[in-house]
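Asker: Reminder that position 179 of the sequence shown reads as 179 in full-length UniProt numbering, one-by-one numbering, no gaps.
Structure incoming, see below.
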Amino acid sequence: MARKAEGRGRRRPHSRQTPATAIDPTPRRYRIEALGVSGDGIGRLTDAGVQQATPVFIPYTAPGDEVLARSTGKDRATIQEICVAAPERVTPPCSLFGTCGGCSLQHLSAEWILKWKTTEVLTGLHRAGVVDLPPAASFQTPSASRRRADLAVKRKHDGVILGLHRRGGDVVDLTECSLLHPDIVKLLPALRTAMERLDLFRREADLVINLLDSGPDLLLASDAPPSTADRIKLAAFCKSHCISRLCWKEKASQENPEILVQLAPSVIAFDGVAIEPPSGAFLQASREGETAIRTAVLDALPPSTGRKAKIIELYAGCGTLTFGLSTHARVEAYEGHPGAVEALTRASAGRNITPHLRDLNKQPVEAKELSSALAVVLDPPHAGAGLQMDDILDARPRVIIYVSCNPRILYRDTERLLKAGYRIDALTIIDQFLWSAETEVVCRFSHSSKKREKTNNK
Ligand SMILES: C[S@@+](CC[C@H](N)C(=O)[O-])C[C@H]1O[C@@H](n2cnc3c(N)ncnc32)[C@H](O)[C@@H]1O
Numbered sequence: 001m002a003r004k005a006e007g008r009g010r011r012r013p014h015s016r017q018t019p020a021t022a023i024d025p026t027p028r029r030y031r032i033e034a035l036g037v038s039g040d041g042i043g044r045l046t047d048a049g050v051q052q053a054t055p056v057f058i059p060y061t062a063p064g065d066e067v068l069a070r071s072t073g074k075d076r077a078t079i080q081e082i083c084v085a086a087p088e089r090v091t092p093p094c095s096l097f098g099t100c101g102g103c104s105l106q107h108l109s110a111e112w113i114l115k116w117k118t119t120e121v122l123t124g125l126h127r128a129g130v131v132d133l134p135p136a137a138s139f140q141t142p143s144a145s146r147r148r149a150d151l152a153v154k155r156k157h158d159g160v161i162l163g164l165h166r167r168g169g170d171v172v173d174l175t176e177c178s179l180l181h182p183d184i185v186k187l188l189p190a191l192r193t194a195m196e197r198l199d200l201f202r203r204e205a206d207l208v209i210n211l212l213d214s215g216p217d218l219l220l221a222s223d224a225p226p227s228t229a230d231r232i233k234l235a236a237f238c239k240s241h242c243i244s245r246l247c248w249k250e251k252a253s254q255e256n257p258e259i260l261v262q263l264a265p266s267v268i269a270f271d272g273v274a275i276e277p278p279s280g281a282f283l284q285a286s287r288e289g290e291t292a293i294r295t296a297v298l299d300a301l302p303p304s305t306g307r308k309a310k311i312i313e314l315y316a317g318c319g320t321l322t323f324g325l326s327t328h329a330r331v332e333a334y335e336g337h338p339g340a341v342e343a344l345t346r347a348s349a350g351r352n353i354t355p356h357l358r359d360l361n362k363q364p365v366e367a368k369e370l371s372s373a374l375a376v377v378l379d380p381p382h383a384g385a386g387l388q389m390d391d392i393l394d395a396r397p398r399v400i401i402y403v404s405c406n407p408r409i410l411y412r413d414t415e416r417l418l419k420a421g422y423r424i425d426a427l428t429i430i431d432q433f434l435w436s437a438e439t440e441v442v443c444r445f446s447h448s449s450k451k452r453e454k455t456n457n458k
């Protein structure tokens, strides 16, 4: 799904404005050489005699394409016509592809995308200095499996639209989707109709749908408070669509959402353990992706060293990996979201797990604590592990199992880990964001000096 724009720079009040360079609207012919990290084709002009220093990024193109494209900025162009199609091109399964902004790679086959993502990760790790990579395992989630939708809702003069933002533009009504789980897709028309009649929604709202084992779990953030009539309508809506819970908060509010409707417990099981996640909780994008990540992490664990062995898990969420880890050794699980820790604490009762509520940016787990762990497992957010990484490097635990949804941060941390004496000895590449350029990677880093100690001690 498209991410919301992050960290736009503020213009300085008295800075001089550089006059915008005029954009030549004439379509020109480009040959696409490769895909960039965000999945856009990298094109160069084919015109004879033209020396083009900087490549141009052209969305929805494939390596091997020759296209006519119109410039939209210094190094960006938009495709007008495909003159020569790359052999890897396929017919996109969704008629909204290229409009809705949710997918960027539906014009390429799933096999090609997995190969591309694998090569990108291997190249990135080589560039970070890894010389002896183990063979990489890989996994790809199927279509129609995405279990979380983060949608925008807009009131228009002729009704309500509900969908994703087109690239740099307005919301596109999601009238079909090949990526989302069918149980989410089939709910959309009824949601559109229901939203039209609500007082709590004037012009804009955000809607998160998490598909749990108990059915869809909804979090609505809107621009007006719910009326009594809204509460009655929403209760009826949830009942007729088997929605266990619907929560509401004011758009942009940091407050906890209010439960407007709760008809049954909202439940999801991780490794057979049922938890009740908070509304809008982080979930791995699909059940299949979650299983692939958990399998890679559990397979990477070193043998347990007895009853006292402990695993330190950082960024544990609601316990996606925690319960599996706890069958191997005692788990100290750290997480910064209060609702997630509450859910994990309730489900951990009587198990080998101690959950901790901790903002790891402000108060990282210290090196002294980390160094005694059998393994440190970390699954940081997109921005990476920040300060926590310094303590991990100071601690030098024997094994670090690193789950990354942002390979660029992983490459940066890999460079530091290599310098500290680690090597990668297990690697899994998971395409759980099918048809987008995002990749999930699970790496095991082992510390060589500890290995030597172990060998000497034998
Ligand atoms: C990629 S998710 C992984 C969650 C879990 N491991 C899973 O697989 O579901 C990252 C988690 O880090 C948590 N997080 C983000 N920033 C944090 C911080 N500064 N301190 C602690 N946890 C944080 C988020 O709440 C989220 O649960």
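Glycine included, every Cβ here is placed at the ideal spot set by N, Cα and C.
Beta carbon of Arg-148, beta carbon of Ile-243: below 9 Å?
Answerer: No, the pair does not count as a contact, with Cβ atoms beyond the cut-off.
Asker: Within the continuous beta strand (DSSP E) that includes Thr-78, where are the two ends?
Answerer: From DSSP, the beta strand (DSSP E) with Thr-78 extends over 76-84.
Asker: How far does the beta strand (DSSP E) with Lys-310 in it reach, from first residue to last?
Answerer: Per DSSP, Lys-310 belongs to the beta strand (DSSP E) from 310-314.
Asker: Rank Leu-174, Gly-306, Ala-269 and Ala-333 by C-alpha distance to the C-alpha of Leu-212 and give the top, closest one.
Answerer: Comparing Cα-Cα distances from Leu-212 to each of Leu-174, Gly-306, Ala-269 and Ala-333, the minimum goes to Ala-269.
Asker: Would Ala-62 pass as a contact of Ile-23 if the rule is Cβ separation under 9 Å?
Answerer: In this structure, Ile-23 does not lie closer than 9 Å to Ala-62 by Cβ.
Asker: For residue 470, which residues from the same chain have a beta carbon less than 7 Å from its beta carbon, with the 5 sequence-adjacent residues on both sides left out?
Answerer: Here the chain covers residues 1 to 458 and nothing more, so residue 470 does not appear.
Asker: Smallest Cα separation from Pro-216: which of Pro-265, Arg-76, Ala-85 and Ala-296?
Answerer: For Pro-216, the nearest C-alpha among the options comes from Pro-265.
Asker: Is the beta carbon of Gln-106 sitting closer than 9 Å to the one on Glu-288?
Answerer: No.
Asker: Grouping DSSP H, G and I as helix and E and B as strand, with all else coil, what is Thr-72?
Answerer: Of the three classes helix, strand and coil, the one that applies to Thr-72 here is strand, per DSSP.
Asker: Between which residues of its own chain and Asp-425 is the CB-CB distance below 7 Å, once the five residues before and five after are set aside?
Answerer: The residues are Pro-134, Arg-444 and Ser-446.
Asker: Hey, would you say the C-beta of Asp-213 is under 8 Å away from at least one heavy atom of ligand 1?
Answerer: Asp-213: no, Cβ never under 8 Å from ligand 1.
Asker: Answer yes or no: the CB of Tyr-334 versus the heavy atoms of ligand 1, is any distance below 8 Å?
Answerer: Result yes, Cβ under 8 Å from ligand 1.
Asker: May I ask you to report which of helix, strand or coil DSSP gives Glu-258?
Answerer: If DSSP states are grouped into helix, strand and coil, Glu-258 belongs with the strands.
Asker: Cβ of Leu-162 within 8 Å of any heavy atom in ligand 1?
Answerer: No, the Cβ of Leu-162 stays beyond 8 Å of every heavy atom of ligand 1.
Asker: Measure the beta-carbon distance from Arg-70 to Gln-80 and round it to whole angstroms, keeping in mind my assumption that it falls under 8 Å.
Answerer: At roughly 6 Å, the Cβ-Cβ gap stays under 8 Å, so Arg-70 and Gln-80 are in contact.
Asker: Can you check the stretch 322-389 for any alpha helix (DSSP H) of at least 4 residues that lies completely inside it and give the ranges in chain order?
Answerer: Whole alpha helix (DSSP H) segments, 4+ residues: 322-325, 338-348 and 367-371.
Asker: Report yes if the CB atom of Pro-278 is closer than 9 Å to the CB atom of Ala-349, and no otherwise.
Answerer: The answer is no: Cβ separation not under 9 Å.
Asker: Would Cys-285 pass as a contact of Gly-319 if the rule is Cβ separation under 9 Å?
Answerer: Checking the sequence, you will find Ala at residue 285 rather than Cys. No, they are not a contact pair.
Asker: Report yes if the C-beta of Val-293 is less than 8 Å from at least one heavy atom of ligand 1; otherwise report no.
Answerer: Here residue 293 turns out to be Ile, not Val, going by the sequence shown. Yes, the Cβ of Ile-293 comes within 8 Å of a heavy atom of ligand 1.
Asker: Does the Cβ of residue 514 lie closer than 8 Å to at least one heavy atom of ligand 1?
Answerer: Only positions 1 to 458 of the chain appear in this structure, which leaves residue 514 out of reach.
Asker: Going by beta carbon distance, what residues of the same chain come within less than 6 Å of Ala-292, once the five residues before and after it are set aside?
Answerer: So the qualifying residues of the chain are Phe-139 and Ile-430.
Asker: First and last residue of the beta strand (DSSP E) that includes Lys-249?
Answerer: 245-250 is the span of the beta strand (DSSP E), which, as asked, contains Lys-249.
Asker: Going along the chain, which residues of its own chain have a beta-carbon closer than 8 Å to the beta-carbon of Thr-354, five neighbours each way excluded?
Answerer: Excluding sequence neighbours, Thr-354 sits near Arg-330, Val-331, Glu-332, Ala-333 and Ser-348.
Asker: Look at the alpha carbon of Glu-366 and the alpha carbon of Ser-372, and state the distance between them as a whole number of angstroms.
Answerer: Straight-line Cα distance between these residues: approximately 11 Å.
Asker: Which residue comes first and which comes last in the alpha helix (DSSP H) that contains Thr-428?
Answerer: It is not in any alpha helix (DSSP H) - Thr-428 instead sits in the beta strand (DSSP E) that spans 422-431.
Asker: Any heavy atom of ligand 1 closer than 8 Å to the CB of Val-403?
Answerer: Yes; taking the cut-off as 8 Å, the Cβ of Val-403 has a heavy atom of ligand 1 nearer than that.
Asker: Determine the extent of the beta strand (DSSP E) in which Glu-440 is found, giving its start and end residues.
Answerer: 440-447 is the extent of the beta strand (DSSP E) around Glu-440.
Asker: Entirely within the stretch 105-133 and at least 4 residues each: give me those alpha helix (DSSP H) ranges in chain order.
Answerer: Qualifying alpha helix (DSSP H) stretches, in chain order: 110-127.
Asker: Is Pro-189 near ligand 1, judged by its Cβ being under 8 Å from some heavy atom?
Answerer: Pro-189 Cβ: outside cutoff for every heavy atom of ligand 1.
Asker: According to DSSP, Lys-154 sits in a beta bridge with which residue or residues?
Answerer: In DSSP, Lys-154 forms a bridge with Ile-161 and Glu-204.
Asker: For the putative contact between Ala-128 and Thr-414, defined by C-beta atoms under 8 Å, what is the C-beta separation to the nearest angstrom?
Answerer: Confirmed, Cβ separation roughly 4 Å.
Asker: Determine the burial state of Glu-255: buried for a count of at least 16 other Cβ atoms within 10 Å of its Cβ, exposed for fewer.
Answerer: Answer is exposed; the Cβ neighbour count stays below 16.
Asker: Output the distance between the C-alpha atoms of Glu-440 and Ala-77, rounded to the nearest integer angstrom.
Answerer: One C-alpha to the other measures close to 28 Å.
Asker: Compute the Euclidean distance between the alpha carbons of Arg-197 and Gly-317, then round it to the nearest angstrom.
Answerer: If I take the Cα positions, the gap works out to 35 Å.
Asker: How about Cys-318: is its Cβ closer than 8 Å to a heavy atom in ligand 1?
Answerer: Indeed, a heavy atom of ligand 1 lies less than 8 Å from the Cβ.
Asker: Spatial neighbours of Arg-167 within its chain, please: C-beta separation below 6 Å, excluding the five flanking residues on both sides.
Answerer: Contacts found: Gly-101.
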